[in-house]
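Residue 283 in the working numbering is what sits at position 129 of the sequence shown, and the numbering runs on without skipping anything. The structure appears below as structure tokens.
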Amino acid sequence: MSIFKDLEPKIVFICENETDSRDVKMQKICDLLQAEVSHYNWVGFYFANHESKTLHLGAFAGEPTDHTVIPFGKGICGQVAVSNQNFVVPDVKAQDNYIACSITVKSEIVVPLFVNGINIGQIDIDSHTLNPFTKEDETFLEFVNKEVSKLFS
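Right, here's the structure in full:
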């Protein structure tokens with residue numbers, strides 16, 4: 155059984171906890187993923203401000219980042235805000251439009267977060283490993299975002 159199958163009920167449990175605020179739940183998800191998935195070195199949620207066309211960092215686990223506001227179209231996260239598509243980057247050095255958060259980051263995956271069909275943000279994962287992300291990571295992060303989206307509806 156994969157680590158992701160073990161984590162799915164934990165994500166549901168966090169999201170369904172009635173005593174925690176949405177922000178606390180999101181932080182617990184970031185902490186859980188960063189602690190439990192060996193190639194998830196930084197986990198964070200960015201949220202879209204459609205008026206200013208910017209993304210704003212919410213909950214995260216890992217090293218602090220200077221990139222707390224990202225313009226739409228800039229970097230991997232900014233591109234996902236425009237494309238509404240998952241973006242897997244096996245090697246960040248091979249990307250032209252990449253915002254370096256840390257020299258230790260080798261790869262990144264970003265999966266958009268939809269509420270009622272609108273891209274309200276995304277989950278962003280950085281890894282210190284080259285090319286660690288598989289279709290299984292994408293499917294799992296889509297599941298995470300589906301659960302998180304319920305916190306906004």
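Where a beta carbon is used, it is the ideal one built from N, C-alpha and C, also for glycine. All of these numbers come straight from a predicted model, not from anything done at the bench.
(request) Between the Cα of residue 232 and those of 219, 210 and 216, spot the shortest distance and give me the residue it belongs to. (result) Of the listed residues, the one whose Cα sits closest to residue 232 is 210.
(request) Would you kindly check if the distance between the Cβ of residue 240 and the Cβ of residue 265 is under 9 Å? (result) Yes, they are a contact pair.
(request) Report the residue from 203, 237 and 190 whose alpha carbon sits nearest the alpha carbon of residue 222. (result) Distance check between residue 222 and each of 203, 237 and 190 places 203 closest, using alpha-carbon atoms only.
(message) Short of 6 Å in beta carbon distance, which residues of its chain neighbour residue 194, apart from the five on each side in sequence? Order them along the chain.
(response) Excluding residues up to 5 positions away in sequence, 187, 188 and 279 lie with their Cβ nearer than 6 Å to the Cβ of residue 194 in the same chain.
(message) What does DSSP give as the partner residue(s) for residue 224 in the beta ladder?
(response) Under DSSP, the beta-bridge partners assigned to residue 224 are 209.
(request) Answer with buried or exposed for residue 179, where buried requires no fewer than 16 other C-beta atoms within 10 angstroms of its C-beta. (result) Looking at its Cβ environment, which holds 16 or more other Cβ atoms inside 10 Å, residue 179 is buried.
(message) Taking the straight line between their C-alpha atoms, what separation do you get for residue 300 and residue 281?
(response) Between residue 300 and residue 281, the C-alpha separation is close to 22 Å.
(message) For residue 169 and residue 305, which I take to be in contact (beta-carbon distance under 8 Å), what is that distance rounded to the nearest angstrom?
(response) In this structure residue 169 touches residue 305 by the C-beta definition: roughly 6 Å separates them, less than 8 Å.
(request) Check the DSSP bridge columns for residue 276 and list the partner residues they point to. (result) Answer is 200 and 266.
(request) Rounded to whole angstroms, what's the CA-CA distance from residue 283 to residue 291? Just pull it up for me. (result) Across the structure, residue 283 and residue 291 are spaced so that their CA atoms are roughly 14 Å apart.
(message) Closest to residue 249 by C-alpha separation, out of 237, 238 and 229, would be which residue?
(response) Minimum Cα distance to residue 249 is reached at 229.
(request) Give the DSSP bridge partners of residue 261, in chain order. (result) Partner(s): 281.
(request) Determine the contact status of residue 198 and residue 215, defining contact as a CB-CB distance below 9 Å. (result) Contact: yes.
(request) Please report how far the alpha carbon of residue 294 lies from the alpha carbon of residue 191, in whole angstroms. (result) For residue 294 and residue 191, the distance between alpha carbons rounds to 11 Å.
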